[in-house]
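In the working numbering, the protein residues as written are 58 to 237.
Here the structure comes first, spelled out in structure tokens, and everything after it is commentary.
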Ligand SMILES: C[S@@+](CC[C@H](N)C(=O)[O-])C[C@H]1O[C@@H](n2cnc3c(N)ncnc32)[C@H](O)[C@@H]1O
């Protein structure tokens, strides 16, 4: 697991997430639970022929994210929809990168079903990124292990990374690559 200290900045969580994914100009990206759309802006800013679809089930968040990303939406680089991941109409085998930042996707519903759906939406060679911000190193370690177990059970090979920021908080990422 990589570990280092980072300076606290506005949007540090999303910034680290987007850096970790190393977005390519032609990526087809899906964000689940985009909130106010900070990561959408960062991802879309790196796309040329690629596109990001971002969903959030909260209409208020979708309004804020849309307002923040009007330029990217008008340019065709971003689409922001009000939808829950469980029922969202999304193309299969399409996305090169699927990610979520601080979304309690796996702990409230049927995790196996959700992860299987994520897998079905990934293009060949695509990757799943599950990011979180944890209050302590112990929480981070436990969450990384639990997330890796869930992804492995659905046929993903996993790697993890984390960074420590101020006040002992830890940003975490589990990267899942589907195995045949
Ligand atoms: C804690 S916020 C994080 C927002 C943003 N990713 C961030 O890092 O600031 C979680 C967001 O995920 C959304 N969300 C939770 N479960 C979801 C689901 N199953 N489908 C779509 N959105 C979901 C919530 O509405 C909320 O806006």
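All residues carry an ideal CB built from backbone N, CA and C; glycine is no exception.
Take residue i as the anchor and find which of the options has the nearest alpha-carbon.
| i | options | result |
| --- | --- | --- |
| residue 71 | 214, 115, 203 and 186 | 186 |
| residue 142 | 121, 166 and 135 | 166 |
| residue 170 | 210, 189, 132 and 188 | 210 |
| residue 217 | 206, 104, 223 and 225 | 206 |
| residue 172 | 130, 233 and 85 | 233 |
| residue 212 | 116, 115 and 236 | 236 |
Does residue i have its Cβ less than 7 Å from a Cβ in chain B?
| i | result |
| --- | --- |
| residue 95 | Here there is only one protein chain, and chain B is not present. |
Please classify residue i: does DSSP put it in a helix, a strand, or coil?
| i | result |
| --- | --- |
| residue 191 | strand |
| residue 72 | helix |
| residue 176 | helix |
| residue 163 | helix |
| residue 62 | Because residue 62 sits at a pLDDT of 36, beneath the cut-off of 50, its placement in the model cannot be relied upon, and the point is left open. |
| residue 185 | strand |
| residue 169 | helix |
| residue 199 | helix |
| residue 153 | strand |
Regarding residue i and ligand 2, is the C-beta to nearest heavy atom distance less than 6 Å?
| i | result |
| --- | --- |
| residue 196 | Ligand 2 is absent from the structure shown, which contains only ligand 1. |
Contact the stretch 138-148 vs the stretch 193-207: 3+ CB pairs below 8 Å: Counting C-beta pairs closer than 8 Å gives fewer than three between the stretch 138-148 and the stretch 193-207, which falls short of the contact rule.
Flag this pair as touching only if the stretch 69-88 and the stretch 155-164 have three or more C-beta atom pairs under 8 Å; answer yes or no. Output reads yes: the stretch 155-164 touches the stretch 69-88.
Mind listing which residues have their beta carbon within less than 5 Å of any non-hydrogen atom of ligand 1? Chain order is fine. Selection output, chain order preserved: 90, 92, 113, 114, 115, 118, 141, 142, 158, 159 and 160.
For the stretch 91-101 and the stretch 171-181, state whether three or more C-beta atom pairs, one from each stretch, are separated by less than 8 Å. The stretch 91-101 is not in contact with the stretch 171-181.
Every unbroken alpha helix (DSSP H) inside the stretch 202-232 [4 residues or more]: None, since the stretch 202-232 contains no complete alpha helix (DSSP H) of that length.
What are the start and end residues of each continuous alpha helix (DSSP H) run of 4 or more residues lying completely inside the stretch 93-132, in chain order? Under the rule that a run must span 4 or more residues, the alpha helix (DSSP H) segments found entirely inside the stretch 93-132 read 95-101, 116-125 and 127-131.
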